[in-house]
Amino acid sequence: MPSSPQVDRLVERYAGVGELFGVLASPIRVAIIEQLSHGERRVSELVETLEVSQPLVSQHLRVLRTSHLVVGVRRGREVAYSLTDEHVAHIVRDALAHANEHSNPVLHAHVRMQ
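In the working numbering, each residue carries its 1-based index in the sequence shown increased by 37.
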């Protein structure tokens, strides 16, 4: 089926949002963003806090950097990362709050009853 101008406009308008959600689909990347929402972190700090390997943290930071969600600054032998802006931190906080609300069995029972 050929694409209509309306579909093209929708895709153009929301494609970036879909890409952002794709990047945020990884729990490790969400955890990294949540940590960086509290301020700059070195890779070693992220490894220690998240309890995952350094190569895994670096791999996910590369995706976040490529997506322009984080920036890295060399600090001696290490790189310290920070968020490019607070927008993505707000998205992650809201998503975490939403997920926690809906993982509560009492809430699920209440919602089913309505």
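Don't be surprised by glycine CBs; every beta carbon is placed ideally from N, CA and C. In this text, all values refer to a predicted model and were calculated from it rather than measured experimentally.
Asked                                                                                                    : Found
Validate contact between the segment 115-123 and the segment 96-107 using beta carbons, cut 8 Å, 3 pairs : yes
Residues bridged to residue 119 [DSSP beta-bridge criterion]                                             : 108
Contact between the segment 66-73 and the segment 82-89 (3+ Cβ pairs under 8 Å)                          : yes
Reference residue 136, options 114, 54, 67 and 95, closest by Cα                                         : 67
Closest Cα partner of residue 61 within the set 100, 89 and 139                                          : 100
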